[in-house]
Every structure is written in C-alpha cells, then in structure tokens.
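**Student:**
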Amino acid sequence: MTDPHSSSATHKAIDAVWRIESAKLIAGLTRMVRDVGLAEELAQDALVVALEKWPESGVPDNPGAWLMQTAKNRAIDRLRRKKLLDRKHEEIGREIEASQDEVEDAFFDKLDDDIGDDLLRLVFISCHPVLSTEARLALTLRLLGGLTTDEIARAFLASEPTIAQRIVRAKRTLADAQVPFEVPRGEELAQRLSSVLEVIYLIFNEGYSATAGDDWMRPGLCEDALRLGRILAGLMPKEAEVHGLVALMEIQASRSKARTGPDGQPILLLDQDRARWDRMQIQRGLSALERAVQLSGSNGPYALQAAIAACHARAATAQDTPWPRIAALYQQLALRTPSPVIELNRAVALSMAFGPAAGLQLVDTLLDEPSMKSYHLLPTVRGDLLFKLGRREEARIEFERAAALTRNTRERELLLARAAESG
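Residue 1089 in this note's numbering sits at position 27 of the sequence shown, with consecutive numbering throughout.
#1: Name the two residues that bound the continuous alpha helix (DSSP H) containing residue 1267.
#2: Could you say which of 1268, 1426, 1291, 1446 lies nearest to residue 1280 if we only look at CA atoms?
#3: Pull up the distance between the alpha-carbon of residue 1451 and that of residue 1419, whole angstroms please.
#4: Using only the alpha-carbon positions, how far apart do residue 1079 and residue 1086 sit?
#5: Suppose only complete runs of 4+ residues qualify. What are the alpha helix (DSSP H) ranges in the stretch 1301-1381, listed by chain order?
#6: With the cut-off set at 8 Å, would you say residue 1365 and residue 1306 are in Cβ contact?
#7: Which same chain residues, not among the five before or five after residue 1187, have their C-beta less than 7 Å away from its C-beta?
#8: So, is residue 1074 buried or exposed, given that buried needs 16 or more other C-beta atoms within 10 angstroms?
#9: Have a look at 1256, 1471, 1484 and flag the residue whose alpha-carbon is nearest the alpha-carbon of residue 1448.
#10: Between which residues of its own chain and residue 1335 is the CB-CB distance below 7 Å, once the five residues before and five after are set aside?
#11: Shortest alpha-carbon distance to residue 1212 belongs to which of 1202, 1224, 1206?
#12: Hey, is the stretch 1285-1294 in contact with the stretch 1319-1333, meaning 3+ C-beta pairs nearer than 8 Å?
#13: Closer than 7 Å by C-beta to residue 1389: which residues in its own chain qualify, once you throw out the five before and the five after it? Chain order, please.
#14: Does the count of Cβ pairs from the stretch 1301-1318 and the stretch 1334-1351 closer than 8 Å reach three?
#15: Report the three-state DSSP secondary structure of residue 1280 (helix, strand or coil).
#16: Is residue 1204 helix, strand or coil when you go by DSSP?
#17: Can you check whether the CB of residue 1083 is closer than 8 Å to the CB of residue 1129?
#18: Flag this pair as yes or no: are the beta carbons of residue 1309 and residue 1347 separated by less than 8 Å?
#19: Assuming contact is defined by CB atoms lying nearer than 8 Å, are residue 1443 and residue 1477 in contact in what I supplied?
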C-alpha cells in the first residue's frame, strides 16, 4: 500500500520537475514532430505516465530524460497507430525510430546540445505576431512557464474555458499558418524579438501591478516573467534590449516586499521602506543594465526604462532621487517610442524636479488623447498635482474619477481614501 505522505511528496516533486523541464521537453518534441500542439500533447501524455508510475517507483535520477524518452515512445506509437503515409510524417517517423536504435545516453547528450536552440525556437513560436496579444500571453505561460490552464485563468481573472479555447486557437493558428520552428534572421529578427520582449514584459507588469482583482500584486507572474527573461538573456547574450528588459524587471521586482503593507494595501514608491528592497536583486539588475550599455544598447526603450529604475534603486532615500535626470531619461524615451503614457510619467518626474505646476502643464496636454480616456492613472496623477497645488475640490473629483476607472480593488480603496482626504 502506498504511503499517502510519500505519494504527496512525489506529486510535489513531479510538479517541480514539470515546471523546470516542460519547456525543454516541448521544445525538443516540437523539433521532432514539427507541430507545437502535438508536442504539448505528447509532453502531457508523458506527465500522466509519470503521475501513474513515479509514486510507486520513485522519481528517476534524470527525470527530464525519462519524460523525453516516454514522450518520444508515445510519438512513435501515435505515428504508427495513425498510419500516416504522407512523406513528411514518414520522414519524421523514420527519424525518431532511427534515434531509438542509438545508445540512450548518446541520444540525450545530443538532445542537450540542441536544447538551447530548441528553447529559443519555442520562444519565437509562442510569441509569433500571427497570434493576438492575449493568445501570445496564454501560450507563452503554458508552453514556457509550465502553468496549467487554471493557473493562467486565475492570473488573468479569466474563466478556464476562455483560456483553454485561447490556447487551442493559438496552436491551430500556428499550424494553419505553417509557422516554421526556427529562429528568425536578418531584419525579421528585430521585429520578432520585439514581440517576444513585449510578451514577457506584459506578463511581468500584470504581476507587478494587477489590472483587476483583489490583489495589488501577483508575484508568481513576476517570477515567471523574470525566469523567461533570464533564459532569453542566456540564449541571446548579444542582444542589448534583452539585457535591458531583464535589468528593468530585476530592479522593479527588488521592491516587491516593500510595495504592500501587512494587510496587502499598496505602498507607493516614495513611501516605501527602502531597507526592504532586495539589494542582491538590484545588483543583478544593475549588472544586466551595464551589459546592455556595453552592447551599445543604452538608447533602447527597455534599457532607458531600466536606467530610470536604476535612479530610484541607487537613491538611499526618496529625497535623494535625481528627478531632473529621470525627467531627461523620460524625454529620451518619449523621443524613442512616443506614447502618452510615457509623457504622463515624464509629467510626474517634472513635477518632482520643478514643482507640481510644471507637471500639471504637461498632464493637461494629455486630456484629449483618445487612448487616455479610460486610463485611470491620468486622473490619479492629475488629482495628486492639483492636491499639491491646494486645489483640493478639483483633486477630489479627479481621484473619484480614477477610482471609478480602475478594476483593481486595492487601488480603488487607495484612490477613494485620497478623495476623502481632499474633501
């Protein structure tokens, strides 16, 4: 009879192995079967077998190799069972069967040699521009983050069937578009890499400042994004913006423990206890930023944002923050990637450097921007500047408007408290 405590420990071990190995497993299988949807099915099949066998036999010494061998056997069985006669599948079948005859250790050594390339290919497929942003996010978390459909649904406050359908459609879209399992080259690489970085940063941002729900932060998503960013930096060490993004995420994440109070209430940047910032994570971020700059990437949008974050990280106290430098960096960023959101951030920096009137002047130029009509941070910033200028009734109206626009419960409570303070 199986010991329930032992079985529970094994299941936890299997879950940990899956988080570590699933992306490599799916990547290697995709190279073999040329279909990311089928590769994921085969990987899931191997996981089911592990859940059945490992509680009895124990976790093998090389669980990743065990899962790959099991999935590979399933691939052969499936190809034989379906009797796929077209040349492509015959060729794949022969290729996999031939590898069966190799010495197992040699096979896995060869697989490990290719795994970096396979992972990179999987990153570019998951974030392919042929997919919608929502599909890219879900597929990346599923294939590369190892998250279940339920975990992704909870992270983005969507229903599980919605996320499941999104993932199925994404895989079908990739298959219908015959997206090749390869790393893009030449001019296409920059465009495609931009899509990859955007997806990773969107995942991070949703974890760092949740757009909806009861929690101010979802640290699990930050960790997933950071892990993906670090993997990408290892796979593409000469891409400055990859290091820029990692630097930005590391420095931002270093503040996580200081961003909420005991009851989960938000604590804004200037009010945070900087002793609670993770200095080791800051150092990792500064090192990544230095690598980006060395690669002549100091003017990339992520490197510029990382440089802004570094200004805060290096300041021992809120009063030491070099606001004129931050305002100048935001101006550079606005020239590089024009955006009303960047201008709003620049307005905050200007207000801190040169007074609230200077910031309000820039904020008021954004009031007619269509994309800012439902952006709750515009009235939030405007309310704060009006409050500092003593225009309290106007500030109250702005805070109430911001509270009505946000979908995050914690943020709404904070804004309503600011409105009451202004009244």
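Yeah, the Cβ is synthetic: ideal placement off N, Cα and C, and Gly gets one too.
Predicted model, so just to flag it, every value in this text is computed and none were measured.
**Tutor:** Let me lay it out:
#1: Residue range 1249-1270 is occupied by the alpha helix (DSSP H) that includes residue 1267.
#2: It is 1268.
#3: Spanning the two alpha carbons is a distance of roughly 7 Å.
#4: Using only the alpha carbons, I get a separation of about 11 Å.
#5: The qualifying runs are 1302-1315, 1341-1356, 1363-1376.
#6: In this structure, residue 1365 sits near residue 1306, with a CB-CB distance shorter than 8 Å.
#7: Taken in chain order, the residues that qualify are 1098, 1236, 1241, 1243.
#8: Counting Cβ neighbours within 10 Å, residue 1074 comes out exposed, since fewer than 16 surround it.
#9: Nearest option by C-alpha distance: 1484.
#10: Excluding positions up to five away in sequence, the list reads 1320.
#11: Nearest option by C-alpha distance: 1224.
#12: In short, these stretches do not touch, since the Cβ pair count stays below three.
#13: Around residue 1389, the same chain offers 1408, 1411, 1412, 1415 as residues with beta carbons nearer than 7 Å, after the five sequence neighbours per side are excluded.
#14: The stretch 1301-1318 vs the stretch 1334-1351: in contact.
#15: Secondary structure at residue 1280: coil, using DSSP grouped into helix, strand and coil.
#16: Helix, per DSSP.
#17: For the pair residue 1129 and residue 1083, the CB atoms are nearer than the 8 Å cut-off.
#18: Result yes, Cβ atoms of residue 1309 and residue 1347 sit closer than 8 Å.
#19: At the C-beta level, residue 1443 and residue 1477 stay beyond 8 Å of one another.
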